[in-house]
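Here the structure comes first, spelled out in structure tokens, and everything after it is commentary.
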Amino acid sequence: MQASTHKKIVLAGCGCAALLGVVTAVGVVIAVLEDPDLLRTDLATEQHFRPEYARAALDSLRAPDLQPIGGAPAVDRYTLRPRIQGNGALTAALVWTDSAFARGSVVPFGDTFPDGDWRRRRWVASGDWDVVDSLRAAALRPWDLAATLPSGDSASDVTAELWSAMRVLTATRAVLARARLADVRGDAAEADTLVRAVITIGRHLQRDYRLYHFVLGARMEREALHALRAIEEQGGRRRATAPTQAALARANQLVAAAERAYRLLTVAGALGDNCPVLEGLARDRGLPLAVRHQAVLAIGYGWAFASVEQAKLDARRSTALADLARAALPGELARAVRGARRVAEFSVFKRFDVAARQQVLWRAWGWAG
């Protein structure tokens, strides 16, 4: 072999390695921008995901506890009917996927803090954000969540399609802040419309087949109902949309059930031993689709929280996914299975990037509570 040819081969190999390193670094940077604390803690070794806790999480899953997680109530006095054309889901997705939005502007639900508290002031100030107008319009449009998915079936990591909990809840909390400002001005009709816009969006997310989004939708509804109650109490007047105790109780119970299911399934997925049982949950037609979908994700992505699988995945994950690929599953589940199987074929470097994203989702979910 000529020396020049040998040099080209060596340099090309080095170039590919360098490019792979750059891609991995970019993935890590993106993850850290979403969650600056990511570098400070190794989630794979957190006690939440220890093997004994993963076993206990699986043992704690009970079918009756999972049944409330399915669909959402029909249009009622707490929700808005479509009035303008377009797809509200696409409008909302543009807000929630905007990389500039909520960067360094995470807002808690300030209505729960006393007057003068900096967190309440920050929440009230968010009522002037432009995203409020976008989400108000989104709530007044019909919704087609399927249109927010990538066309075709090219996505190699279906969890990359999950919206950031911090961005979603920060944006809808800004809508609630403007509702409070409208009520202070005496514009009761606008205040009601804005709060009901949040409930409407929350109900749409509760119809999604992805449990992560279901949890966010349930949280939106709970926060909005409590905001309605606070507006009523402070205004000293009864409103037609005032939440009943039954509505508040339902919202609290729904959030508790959805969060518990998401937490238990995610933790259970960190242990390869649990894959056969999780596969059974994914096949169970008696369970809500969102629960079955999360069971697939627990199998396909649970290794992200298991330090022993960072270099080599447990073979039982591949076996479970292969069995599910041969099963007659709804389209949403079949798509998740295909995505998870592709991730299992990634290089170690690419899996590191996927693992970082999974950890960001987990942290964002914990923050949003």
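Each step along the sequence shown adds one to the number in the numbering used here, with nothing skipped, and position 135 is 135. The beta carbon of each residue, even a glycine, is placed where N, CA and C say it ideally should be.
**Bounding residues of the alpha helix (DSSP H) (the contiguous stretch that carries Gln206)** = Residue 206 sits at position 206 when you count from the first residue of the sequence shown. First-last of the alpha helix (DSSP H) with Gln206: 188-206.
**Request:** Inspect the beta-carbon positions of Trp129 and Gly88 and report whether they are closer than 8 Å.
**Result:** As a position in the sequence shown, residue 129 is number 129, starting the count at 1. As a position in the sequence shown, residue 88 is number 88, starting the count at 1. Contact: no.
**Prompt:** Taking just the CA atoms, how far does Gln294 sit from Asn274?
**Reply:** By one-based count along the sequence shown, residue 274 stands at place 274. By one-based count along the sequence shown, residue 294 stands at place 294. Answer to the nearest angstrom: the Cα atoms are 14 Å apart.
**Asked** So what's Ala270 in DSSP terms, helix, strand or just coil?
**Response** For the purposes of this step, residue 270 is taken as the residue at position 270 of the sequence shown. The answer is coil: DSSP assigns Ala270 none of H, G, I, E or B.
**Request:** Specify the secondary structure class of Gly86 as computed by DSSP and reduced to three states.
**Result:** Walking along the sequence shown from the start, residue 86 turns up at place 86. In the structure shown, Gly86 sits in coil (DSSP, three-state: anything other than H, G, I, E or B).
**Asked** How should Glu52 be labelled, buried or exposed, when 16 other C-beta atoms within 10 angstroms of its C-beta is the threshold for buried?
**Response** Within the sequence shown, the letter at position 52 stands for residue 52. The residue is exposed, with fewer than 16 neighbouring Cβ atoms inside 10 Å.
**Message:** Does Glu345 come out as helix, strand or coil in the three-state DSSP assignment?
**Reply:** As a working note, residue 345 is residue 345 in the sequence shown. Glu345 falls in the coil class under three-state DSSP.
**Prompt:** Smallest Cα separation from Ala344: which of Leu313, Pro330, Glu332?
**Reply:** Position 344 of the sequence shown, counted from the start, is the residue given in the question as residue 344. When each option's Cα is compared against that of Ala344, the closest is Leu313.
**Request:** Would you mind reading off the limits of the alpha helix (DSSP H) that contains Asp323?
**Result:** Your numbering for residue 323 matches position 323 in the sequence shown. Per DSSP, Asp323 belongs to the alpha helix (DSSP H) from 315-325.
**Item:** Under 8 Å between C-beta atoms of Gly269 and Gly302
**Value:** As a working mapping, residue 269 is identified with position 269 in the sequence shown. As a working mapping, residue 302 is identified with position 302 in the sequence shown. Cβ distance < 8 Å, so Gly269 and Gly302 count as in contact.
**Request:** Starting from Tyr78, trace the alpha helix (DSSP H) both ways and give me its first and last residue.
**Result:** In the sequence shown, counting from the first residue as 1, residue 78 sits at position 78. No alpha helix (DSSP H) holds Tyr78; DSSP gives it neither H nor E.
**Asked** For Leu225, which residues of its own chain have a beta-carbon under 8 Å away from its beta-carbon, when the five flanking residues on both sides are left out?
**Response** In the sequence shown, residue 225 corresponds to position 225, counting from 1. Contacts found: Tyr78, Ile199, Pro243, Ala247, Leu248, Ala251.
**Request:** Kindly indicate the opening and closing residues of the alpha helix (DSSP H) around Trp123.
**Result:** Indexing the sequence shown from 1 puts residue 123 at position 123. 118-125 is the extent of the alpha helix (DSSP H) around Trp123.
**Message:** Pop quiz: Asp384 and Ala230 are said to be a contact at Cβ under 8 Å. What is the actual Cβ separation, rounded to whole angstroms?
**Reply:** The chain is shown only over 1 to 369; residue 384 falls outside these bounds and no answer can be derived.
**Asked** For Ala328, which of Ile84, Ser164, Arg285 has the nearest alpha-carbon?
**Response** Looking up residue 328 in the sequence shown gives position 328. Checking every option, the nearest Cα to that of Ala328 belongs to Arg285.
**Message:** Buried or exposed for Asp59, going by 16 or more other Cβ atoms inside 10 Å?
**Reply:** Taking the sequence shown and counting its residues from 1, the one referred to as residue 59 is at position 59. Label assigned to Asp59: exposed.
**Asked** At which residues does the alpha helix (DSSP H) containing Gly280 begin and terminate?
**Response** Your numbering for residue 280 matches position 280 in the sequence shown. 275-283 is the extent of the alpha helix (DSSP H) around Gly280.
**Request:** Report yes if the CB atom of Leu162 is closer than 8 Å to the CB atom of Arg210, and no otherwise.
**Result:** The count along the sequence shown starts at 1 and reaches residue 162 at position 162. The count along the sequence shown starts at 1 and reaches residue 210 at position 210. Yes; because the gap between Cβ atoms is below 8 Å, this pair is in contact.
**Message:** Along the chain, where does the alpha helix (DSSP H) containing Ile69 start, and where does it finish?
**Reply:** Taking the sequence shown and counting its residues from 1, one reaches residue 69 at position 69. Unbroken run through Ile69: none, as it is neither H nor E.
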